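Contents: one structure, followed by commentary.
In full-length UniProt numbering, the protein residues as written are 1 to 207.
Next up, the structure:
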């Protein structure tokens, strides 16, 4: 840190001088010139070129046509995932909270659920437990989507209600991870063939 000495045109250091010095020369009407000298400054060199993923080449049509339910109360999060599935043969459904998500999953026979953790009415974890307790929905793989640090580095255990965990911000590469879709092997061939090639359907239920 540096403090100004009243009546002077320069600053004095308030830390040990062996770490470096800062000198200033100023002239009225001409401005000031600062000269900085620091000791033992670490030099950071840039590594090789970073490898980037061309998301345009990630094809979600490599997976069979599925009905995918997105349960998230934030519209921008829904729009993000919808954009990743744009122009694919998958059929998307949306729900704004966990309770509505359960109703949509039951009514539309979802094949895969992307479930946000923090939502009104019914949270993500409570929703996942309820879905696994319902005989009509317990087979559906659930992918938890969260920004919570408490889930960082966690692995999926046999007793977990989730087939996978995605950390926000979610990208197309994460969604295309084959491990997330591994749970869909339970589906019989008739569920994987002949699906209508619709893009997005916003589910509306009464009640």
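Think of the CB as a built atom: it goes at the ideal place given N, C-alpha and C, for glycine as much as any other residue.
Note that this is a predicted model, so its numbers are computed, not measured.
N- and C-terminal bounds of the alpha helix (DSSP H) containing residue i
i	result
residue 116	Run containing residue 116: none in the alpha helix (DSSP H); it sits in the beta strand (DSSP E), 112-116.
residue 175	172-175
Residue i - DSSP class collapsed to helix/strand/coil
i	result
residue 108	helix
residue 74	coil
residue 96	coil
residue 80	helix
residue 144	strand
residue 66	coil
residue 159	coil
residue 102	helix
residue 46	Residue placement at residue 46 is flagged as unreliable, the pLDDT there being 48, under the threshold of 50; a coordinate-derived value is accordingly withheld.
Cα-Cα separation between residue i and residue j, rounded to whole angstroms
i	j	result
residue 37	residue 20	5 Å
residue 112	residue 67	7 Å
residue 23	residue 31	14 Å
residue 99	residue 146	18 Å
residue 123	residue 69	16 Å
residue 59	residue 79	18 Å
residue 75	residue 177	24 Å
residue 160	residue 142	10 Å
residue 104	residue 93	8 Å
residue 102	residue 165	19 Å
residue 85	residue 33	56 Å
residue 174	residue 25	55 Å
residue 132	residue 139	7 Å
residue 61	residue 144	22 Å
residue 3	residue 149	Legend: pLDDT at residue 3 = 48, less than 50; position of this residue unreliable, no value from coordinates given.
residue 121	residue 107	19 Å
residue 126	residue 83	27 Å
Endpoints, the beta strand (DSSP E) within which residue i is located
i	result
residue 21	20-27
residue 125	Segment 124-133 is the alpha helix (DSSP H) holding residue 125; no beta strand (DSSP E) there.
residue 165	164-167
residue 37	31-38
Cross-strand partners of residue i (DSSP beta bridge)
i	result
residue 91	67
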